[in-house]
Every structure is written in C-alpha cells, then in structure tokens.
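Undergrad:
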Amino acid sequence: MNEEEKITIEKLCREYLTFTNEVKHEIRTKNEDPINIKAHRLPPLQTEEIKRQVEKMLKDNIIQESFSPWSAPVHVVPKKLDASGIKKWRMVIDYRRINDITTDDKYPLPNINDLFDMLGKSTYFTTHDLASGYHQTEVREED
Numbered sequence: 151m152n153e154e155e156k157i158t159i160e161k162l163c164r165e166y167l168t169f170t171n172e173v174k175h176e177i178r179t180k181n182e183d184p185i186n187i188k189a190h191r192l193p194p195l196q197t198e199e200i201k202r203q204v205e206k207m208l209k210d211n212i213i214q215e216s217f218s219p220w221s222a223p224v225h226v227v228p229k230k231l232d233a234s235g236i237k238k239w240r241m242v243i244d245y246r247r248i249n250d251i252t253t254d255d256k257y258p259l260p261n262i263n264d265l266f267d268m269l270g271k272s273t274y275f276t277t278h279d280l281a282s283g284y285h286q287t288e289v290r291e292e293d
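Start counting at 1 in the sequence shown, then tack on 150, and there's your number in the numbering used here.
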C-alpha cells in the first residue's frame, strides 16, 4: 500500500468509524434488585480529570446522562507514560458487584483455519486499535 492509499484509509476511518448501533448490548441479570454503590472520595485532581473526561464523552455523544437506580464507583488510574512524559489518566468504573449478578453471553470463536481460508486471497490486511473500545457498542435503553 502506498502512502497516498494509507492516508485515504486513515481519513475514511476518522470520518466513519465511531460506534455501532447495528446491535445493542443487553445486560441480563440473575436478580433484578439494582446494585447501587456510592462514589469513592477522590483527590481533587482526579475528580477534575473524571469531570473533564465525562464532559468530553458527553460532547462527543459517546455517553449520555443517565438517571438510574444502578450505580458503580468511578475512579482513574495512571496510564503508562508515553513519549511526551505527561501523566495521563484512564477513567475506569468498578463494575465488579454488578458483574457478579450478570449472566455471561456465550460466543463461540470461529475456527482459525476457516478464517485463514477466508483471508487467503485478500490483498490488504488491517488492524484497528479501538480508542475507548468499551464505548463502541450501544447499550439498550432499558439497561
């Protein structure tokens, strides 16, 4: 692939790759009693970072406001330092208590040889590193 083709693909990805609404994630629970865990007390710097990240995700239509009896605590963890040397944070939500009462989905993995057969005559191969991949699939409104 030449440089011009790479630039074209990158441009298309930036323009069209956001999230999918082709499927909606369903959260099935073993018990319908909502789990509500209060927020942890955090240092002001971390609280501001969470606020900044939430505001950006709201602005980018990645998340929306929710009024629900379900809740889980939010905090941030430091990311590995990159070349800039600037400390960056990853916002995380502690869903362990909620995960304990959810029913696992079972998705059988395809046979690797079948995948290779499908790809055998392909000209181009790409990989995608999904930024904030957790937010790439829409969740059903009732969940």
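For each residue, glycine too, the CB sits at the ideal point set by N, CA and C.
Remember, it's a predicted structure, so these values are computed and weren't measured experimentally.
(1) Can you list the alpha helix (DSSP H) stretches of 4 or more residues lying completely in the stretch 240-270, in chain order?
(2) Let me know the secondary structure DSSP gives Lys209 once reduced to three states.
(3) Quick check on this structure: which residue in Glu292, Thr197, Thr273 has the alpha carbon closest to the alpha carbon of Met151?
(4) Apply the 10 Å Cβ neighbour rule to Glu199 and answer buried if 16 or more other Cβ atoms are within range, or exposed otherwise.
(5) Do you know whose CA, among Gln286, Arg290, Glu291, lies nearest Tyr166's CA?
(6) Cα separation between Lys161 and Glu154?
(7) Keeping to the same chain, check which residues put their C-beta closer than 6 Å to that of Ile243; ignore five residues upstream and five downstream.
(8) Does any residue of chain D have a CB that is nearer than 8 Å to the CB of Ser234?
TA: Straight from the coordinates:
(1) 246-250, 262-269
(2) helix
(3) Thr273
(4) buried
(5) Gln286
(6) 11 Å
(7) Ala222, Val224
(8) Any reference to chain D falls outside this structure, which holds one protein chain only.
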